[in-house]
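Residue numbers (UniProt numbering): 1 to 235.
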């Protein structure tokens, strides 16, 4: 074999090794993502953790609710570092570039659904989750008998619907935590002035505290500001 051929073989061998290492790294990354998703699904009985699909019932997440299940300790507050939202942006980019992916349908979007007053002189507020199937989360009734309620429908299917204000989107993997938070927000039947509007605002506070929503996102800030300026309090 000519002496000058040896370096060529070395370069080829190194290229093959590099390709193998890239393949291993990609496999490990995919496995780690699968394990995280599987862990969420295992912790929430009956909840489907799939792209673009919400849990079949909010009751299914009561196993994570510290109020309904005292044996479960609420996790510590997450640090909302840039990495969390970088991952979200990456998912959005993948959705844009790959139309065949289930992500191309978009991540679940969150809105404040506003309705003309059902009783009294306050607009009724609810949280609307735009995904498949669509879901409205709210409290119904009046003081001192407010109750948690959820229904699979769109706000516009209800006659008194006035407007839906976009708040932001949520990672599919964060949906179990989203429903857990919505279920555990305290329903304050002791305070006379507390109502459905306060429930929604307190839920948004919890969602940003747990990094499920990004409080620094322009859509979130504009949506919350519009809802408070235009619809909060008595007419």
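Cβ atoms here follow ideal geometry from the backbone N, Cα and C, with glycine treated the same way.
Treat the numbers as computed from the prediction; the structure is a model and nothing was measured.
- Of all C-beta pairs linking the region 161-171 to the region 191-200, fewer than three are shorter than 8 Å, placing the two stretches out of contact.
- The region 112-123 makes no contact with the region 176-188; the number of CB pairs closer than 8 Å stays below 3.
- Of the residues assessed, residue 214 falls on the buried side of the cut-off, its CB having 16 or more other CB atoms within 10 angstroms.
- Contact check for residue 110 against residue 129 passes: the beta carbons are separated by less than 8 Å.
- In this structure, residue 151 places its C-beta atom within 8 Å of the C-beta atom of residue 136.
- Look at residue 208 here: in three-state DSSP terms it is helix.
- By the C-beta density criterion, residue 177 is buried, having at least 16 other C-beta atoms within 10 angstroms.
- Sixteen is the threshold: when 16 or more other Cβ atoms of the shown chains lie within 10 Å of the Cβ of residue 223, as they do, the residue is buried.
- With a cutoff of 8 Å on beta-carbon distance, residue 108 and residue 131 are scored as near each other.
- Remark: C-beta atoms of residue 182 and residue 127 approach each other more closely than 8 Å.
- Following the DSSP letters along the chain, one finds residue 115 inside the beta strand (DSSP E) bounded by residues 109-115.
- Counting only runs of 3+ residues, the beta strand (DSSP E) found wholly inside the region 127-183 occupies 135-140, 147-151 and 161-169, in chain order.
- Annotation: residue 120 is outside any alpha helix (DSSP H) and is labelled neither H nor E by DSSP.
- Taking 8 Å as the cut-off, the beta carbon of residue 231 is found closer than this to the beta carbon of residue 123.
- Between residue 161 and residue 192, the beta carbon gap of about 27 Å keeps them out of contact (Cβ cut-off 8 Å).
- In the DSSP secondary-structure assignment, residue 125 is bridged to 114.
- Put simply, of 145, 179 and 159 the residue whose alpha carbon is nearest the alpha carbon of residue 210 is 179.
- Of the residues assessed, residue 208 falls on the buried side of the cut-off, its CB having 16 or more other CB atoms within 10 angstroms.
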